[in-house]
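So the protein sequences, as listed, match chains A and B. Residues 3 to 116 (the numbering used here) are what the first sequence spells out, left to right. Residues 20 to 133 (the numbering used here) are what the second sequence spells out, left to right. Where is the CB? At the ideal position from N, CA and C, for every residue including glycine.
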Amino acid sequence: GNSVTQMEGPVTLSEEAFLTINCTYTATGYPSLFWYVQYPGEGLQLLLKATKADDKGSNKGFEATYRKETTSFHLEKGSVQVSDSAVYFCALRGINTNAGKSTFGDGTTLTVKP
Amino acid sequence: DAMVIQNPRYQVTQFGKPVTLSCSQTLNHNVMYWYQQKSSQAPKLLFHYYDKDFNNEADTPDNFQSRRPNTSFCFLDIRSPGLGDAAMYLCATSTRQGDNSPLHFGNGTRLTVT
């Protein structure tokens, strides 16, 4: 079946530091890949997505590239802010894979200190 | 803005006392999902509706039921809440069942069982 493995947290960084959160996946078919962000007390929000190999998703300074050869979708940001403190979920979803259901990683908690 | 709205944001119920959580959407999406999330873990899919077709996950307890009276609304009924059912309940939508589009989440309802 499908699975998503995320870098374990929590991750604590100082403001303006470089962020990487690793994500690898196993899936049949050709899924799309997503990063969702969850701020305290809120639901998940789509942060970025990529629908095919070598696509780069980007939003709010975050980037992730769909690497089919390494089955990875690592999230990066060059300079984090305190407001980026949240839980980040890597996920996949695809046509003809797992009946179109989403598969989530376990989440990585990021804390950014001033 | 088109969105997914959950009410209430916080719900307190007593052990064994039935409770209903509600979700509405203005996105006109065909699919509505209910997820259970504990302690910033990955959301766990309970069930989903594709239009009026109900799809239950195999490991969803019978204590959890759902209704979708129309495209816009979906309800989660917990018939006899136990202490272990305390969690954040997230409603989400997507355009179709078998595609690779992202999910749109509401802000969740935090359920406390006393």
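Residue i - containing beta strand (DSSP E), residue span
i, result
"B/M51", "50–56"
"B/D96", "92–97"
"B/F83", "83–86"
"A/T14", "13–16"
"B/L65", "63–69"
"B/Q44", "38–44"
"B/L122", "Where B/L122 is concerned, there is no enclosing beta strand (DSSP E), given that its DSSP letter is neither H nor E."
"B/L102", "Segment: none, B/L102 is in no beta strand (DSSP E) and carries neither H nor E."
"B/T128", "128–132"
Cβ-Cβ distance between residue i and residue j below 8 Å
i, j, result
"B/T131", "B/V31", "yes"
"A/S104", "A/A93", "yes"
"B/W53", "B/S85", "yes"
"A/V114", "A/E17", "yes"
"A/F20", "A/G59", "no"
"A/V13", "A/A88", "no"
"A/T22", "A/N4", "no"
"B/P121", "A/L48", "yes"
"B/A45", "B/L65", "A quick correction: the sequence has Thr, not Ala, at residue 45 of chain B. Contact flag unset, no."
"A/D108", "B/Q60", "yes"
"B/G125", "B/C42", "yes"
"B/I97", "B/P37", "yes"
Heavy atom of the ligand COA within 7 Å of residue i beta-carbon
i, result
"B/E76", "Only the bare structure without any ligand can be found here, which leaves the ligand COA out of the picture."
Residues bridged to residue i [DSSP beta-bridge criterion]
i, result
"B/D72", "B/Y69"
"B/S59", "According to DSSP, B/S59 bridges with nothing at all."
"A/M9", "In the DSSP output, where bridge partners are listed per residue, A/M9 has none listed."
"B/Q25", "B/C42"
"B/R115", "Answer by DSSP bridge pairing: none, since B/R115 is not bridged."
"B/T32", "B/V132"
"A/T22", "A/E78"
For the stretch 91–107 of chain B against the stretch 72–79 of chain B, do three or more pairs of beta-carbon atoms, one drawn from each stretch, fall closer than 8 Å, so that the two count as touching?
no
Using a Cβ distance threshold of 8 Å, determine whether the stretch 65–76 of chain A contacts the stretch 29–37 of chain A, with at least three qualifying pairs required.
yes
At 3 residues or longer, and completely inside the stretch 27–115 of chain A: list those beta strand (DSSP E) runs for me, N to C.
34–40, 46–52, 58–61, 64–67, 77–79, 88–95, 110–115
Are the stretch 101–117 of chain B and the stretch 44–60 of chain B touching, with three or more C-beta to C-beta distances below 8 Å?
yes
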